[in-house]
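As given, the protein sequences belong to chains A and B, one line each in that order. Quick note on full-length UniProt numbering: the first sequence kicks off at 1 and runs consecutively. Quick note on full-length UniProt numbering: the second sequence kicks off at 1 and runs consecutively. No residue lacks a Cβ here, since even glycine has one placed at the ideal position from N, Cα and C.
2 protein chains.
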Amino acid sequence: MARESAEATRIMVAVNQSSIKGYPHASISSRTAFEWAVTKLVRSNVTGFRLLFVHAQVPDEDAFDDMDSIYASPEDFKNMKERDKIRGLHLLEYFVERSHQYGIPCEAWIRKGDPKEVICNEVKNVHPDLLVVGSRGLGPFQRVFVGTVSEFCVKHVECPVITIKRRPDEIPRDPIDD
Amino acid sequence: MARESAEATRIMVAVNQSSIKGYPHASISSRTAFEWAVTKLVRSNVTGFRLLFVHAQVPDEDAFDDMDSIYASPEDFKNMKERDKIRGLHLLEYFVERSHQYGIPCEAWIRKGDPKEVICNEVKNVHPDLLVVGSRGLGPFQRVFVGTVSEFCVKHVECPVITIKRRPDEIPRDPIDD
């Protein structure tokens with residue numbers, strides 16, 4: 001007689017691209033966080049949950065890819081922005097595809113901006129029951145230089161937050177990567 | 001076709017007594033954390049989860065209850081310790097009872113010591129998939145004086161942690177209470 005609330009539990013999962021492979025590849029920590037939520041929380045109860053994937057696209061981060069491009073008209077810049085957006089969409093496609101394989105209903109969207117602010121804003125607007133964020137599990141020394149989105153979310157986000165660290169065997173040689 | 005791992009997801013829930021009403025009453029934040037885990041995560045999938053209740057009994061905290069007692073023999077002290085233990089057991093009884101009402105398998109045990117250390121140690125020994133801790137949701141000013149177990153756990157515990165804050169309508173007049 002466990003309580004089944006009428007509405008599904010809405011889990012927001014913040015996802016980002018791999019810093020090594022770039023778009024459309026998902027980062028190890030995003031994939032780990034997603035698979036953890038599915039395996040440990042959703043389990044076989046696919047109708048009891050709904051996954052909400054949010055990707056914060058950092059406007060400057062991709063700019064270096066366009067170093068060799070020539071911008072002759074405002075139209076060219078528009079094309080660049082379109083290309084960024086498409087890369088982000090391919091990233092989301094991966095997670096939507098995986099969710100469909102599992103049979104879990106989901107939604108996915110992109111917001112431009114600083115990941116910390118984007119995630120906090122989306123939680124404010126969407127009111128998920130839970131936010132799941134991946135973490136590179138950096139030590140205190142590395143964190144000073146890199147800053148961690150997960151720590152910021154735990155402190156500032158208005159709903160419960162779970163931080164999922166990468167598995168030790170999945171950490172790249174430079175743990176700041178990916 | 002969501003993955004159902006062979007073993008149930010083991011959720012450790014750290015529970016404590018009400019600071020206002022004392023033993024055997026559970027604190028508002030413990031009850032909130034427990035009910036949240038049931039309603040939002042376990043839902044109807046009662047065989048997919050197992051709840052592990054840990055109560056850290058602080059040795060000095062209850063000593064003032066025994067101010068009027070007379071200790072004439074080592075036996076008297078033993079009785080006092082027994083009484084403490086019984087109080088803790090009644091606290092656990094509440095959560096075990098509730099879990100049985102929901103039909104969720106559970107275990108519960110008491111450890112003496114500082115809650116922060118007890119919880120970290122139990123996570124190390126028992127390896128739950130997830131730790132759920134209640135939080136009074138104190139502001140930064142109050143935290144300086146009170147210290148929060150939940151913050152410590154998020155930083156030091158080896159498994160993912162969810163902190164569940166009390167609902168605003170359940171906060172007592174002095175938020176440090178309960």
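TODO: Sort out for me which residues DSSP pairs Gly-88 (chain B) with in a bridge.
DONE: Answer is none; Gly-88 (chain B) lacks a bridge partner.
Open item on the list: Could you compute how far the alpha carbon of Val-132 (chain A) sits from the alpha carbon of Thr-163 (chain A)?
Closed with: 6 Å
Open item on the list: Between the alpha carbons of Tyr-23 (chain B) and His-55 (chain B), how many angstroms are there, rounded?
Closed with: 12 Å
Task: Start and end residues, alpha helix (DSSP H) containing Val-154 (chain A) - done: 149-156
- [ ] Find the residues of chain A that neighbour Val-129 (chain B), judging by a C-beta separation of less than 8 Å, and give them in chain order.
- [x] Checking the sequence shown, residue 129 (chain B) turns out to be Asp, not Val. Within chain A, the residues near Asp-129 (chain B) are Lys-40.
- [ ] Under 7 Å Cβ to Cβ from Lys-112 (chain A), same chain only, skipping five residues before and after it: list those, please.
- [x] Gln-57 and Pro-59
- [ ] Please compile the residues from chain A whose C-beta is within a distance smaller than 8 Å of the C-beta of Gly-48 (chain B).
- [x] Arg-43, Ser-44 and Asn-45
Task: Reduced DSSP secondary structure (H/G/I, E/B, other) of Tyr-23 (chain B) - done: strand
TODO: Go through its chain and collect everything with a Cβ distance to Leu-91 (chain A)'s Cβ below 7 Å, but skip five positions before and after it.
DONE: Val-15, Gln-17, Tyr-23, Pro-24, Ala-26 and His-55
- [ ] Output yes or no for whether 7 Å exceeds the beta carbon distance between Pro-168 (chain A) and Arg-136 (chain A).
- [x] no
- [ ] Report the residues of the segment 151-164 of chain A with a CB closer than 8 Å to any CB of chain B, ordered along the chain.
- [x] Val-154, Pro-160, Val-161, Ile-162, Thr-163 and Ile-164
Task: Residue of B:Cys-120, B:Phe-34 and B:Thr-9 minimising C-alpha distance to His-156 (chain B) - done: B:Cys-120
TODO: Give the residues of chain A in contact with Thr-9 (chain B), contact being defined as C-beta atoms less than 9 Å apart.
DONE: Thr-39, Lys-40, Leu-41 and Arg-43
Task: Local Cβ density within 10 Å of Asp-76 (chain A), reported as buried at 16 or more and exposed below that - done: exposed
TODO: Spatial neighbours of Val-46 (chain A) within its chain, please: CB distance less than 8 Å, with the 5 preceding and 5 following residues excluded, ordered by chain position.
DONE: Tyr-102, Gly-103, Ile-104 and Pro-105
Task: Same chain, Cβ closer than 6 Å to Val-161 (chain B), five either side skipped, listed in chain order - done: Leu-131, Cys-153 and Val-154
TODO: Buried or exposed for Pro-128 (chain B), please, with buried defined as at least 16 other CB atoms from any protein chain shown within 10 angstroms of its CB.
DONE: buried
Task: Residue environment, Lys-40 (chain B), which counts as buried when at least 16 other CB atoms sit within 10 Å - done: buried
TODO: Please classify Ile-20 (chain A): is it buried, with 16 or more other beta-carbons within 10 angstroms of its beta-carbon, or exposed?
DONE: exposed
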